[in-house]
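Novice: Numbering (UniProt numbering), first residue to last: 1 to 122.
1) Is residue 86 helix, strand or coil when you go by DSSP?
2) Please determine, among 62, 18 and 71, the residue with the shortest C-alpha to C-alpha distance to residue 91.
3) Using DSSP with H/G/I as helix, E/B as strand and the rest coil, what is residue 73?
4) Quickly, what does DSSP pair residue 42 with across the bridge? List them, please.
5) Of the residues 20, 15, 32 and 40, which one's Cα is nearest the Cα of residue 94?
6) Taking the alpha-carbon positions, what's the residue 128 to residue 97 distance?
7) On the DSSP letters alone, give me the boundaries of the alpha helix (DSSP H) that residue 35 sits inside.
8) Among 34, 25, 79 and 45, which one has its Cα closest to the Cα of residue 102?
9) Less than 8 Å between the beta carbons of residue 41 and residue 60, yes or no?
10) DSSP three-state call for residue 24: helix, strand or coil?
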């Protein structure tokens, strides 16, 4: 008897696989305000990222491609030279924004204090 794929049978595992990656949630959060071009997304990811290395173009491209394949964002190529490409949330992506907002609020409530204590200890 074949084992079932847990990602197909468990919605939590499927969700975890869809959002795994260092930048996916932050990209979705940044796109909540409207379409963004590649450079704008990259700049948004670097905002407030104290002490972290710059995101490489390869990693950002991989994250954007994965979000497109999962149906959370849409890529619009204007077919111009130089290339002009915009990314925007799909209907599915827009329905995901409240989930990211809830994660953000939880983090502010439960992780903000711990981060403050850790900073004070250094």
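We put the CB at the ideal spot given by N, CA and C, even for glycine.
Specialist: According to the data block:
1) To locate residue 86, count along the chain shown from 1; it is residue 86. Here residue 86 sits in strand by DSSP.
2) Within the chain shown, residue 91 is the residue found at index 91, counting from 1. Nearest of 62, 18 and 71 to residue 91, Cα basis: 71.
3) In the chain shown, counting from the first residue as 1, residue 73 sits at position 73. Of the three classes helix, strand and coil, the one that applies to residue 73 here is strand, per DSSP.
4) Looking up residue 42 in the chain shown gives position 42. According to DSSP, residue 42 bridges with nothing at all.
5) The residue given as residue 94 occupies position 94 in the chain shown. When only C-alpha atoms are compared, the closest one is 32.
6) What is shown of the chain runs 1 to 122, which leaves residue 128 out entirely.
7) Position 35 of the chain shown, counting from 1, holds the residue named residue 35. No alpha helix (DSSP H) contains residue 35, which DSSP labels as neither H nor E.
8) In the chain shown, counting from the first residue as 1, residue 102 sits at position 102. Nearest of 34, 25, 79 and 45 to residue 102, Cα basis: 25.
9) Translated into the one-based positions of the chain shown, residue 41 becomes position 41. Translated into the one-based positions of the chain shown, residue 60 becomes position 60. A contact, by the Cβ cut-off of 8 Å.
10) Reading the chain shown from its first residue, position 24 is the one you call residue 24. Helix.
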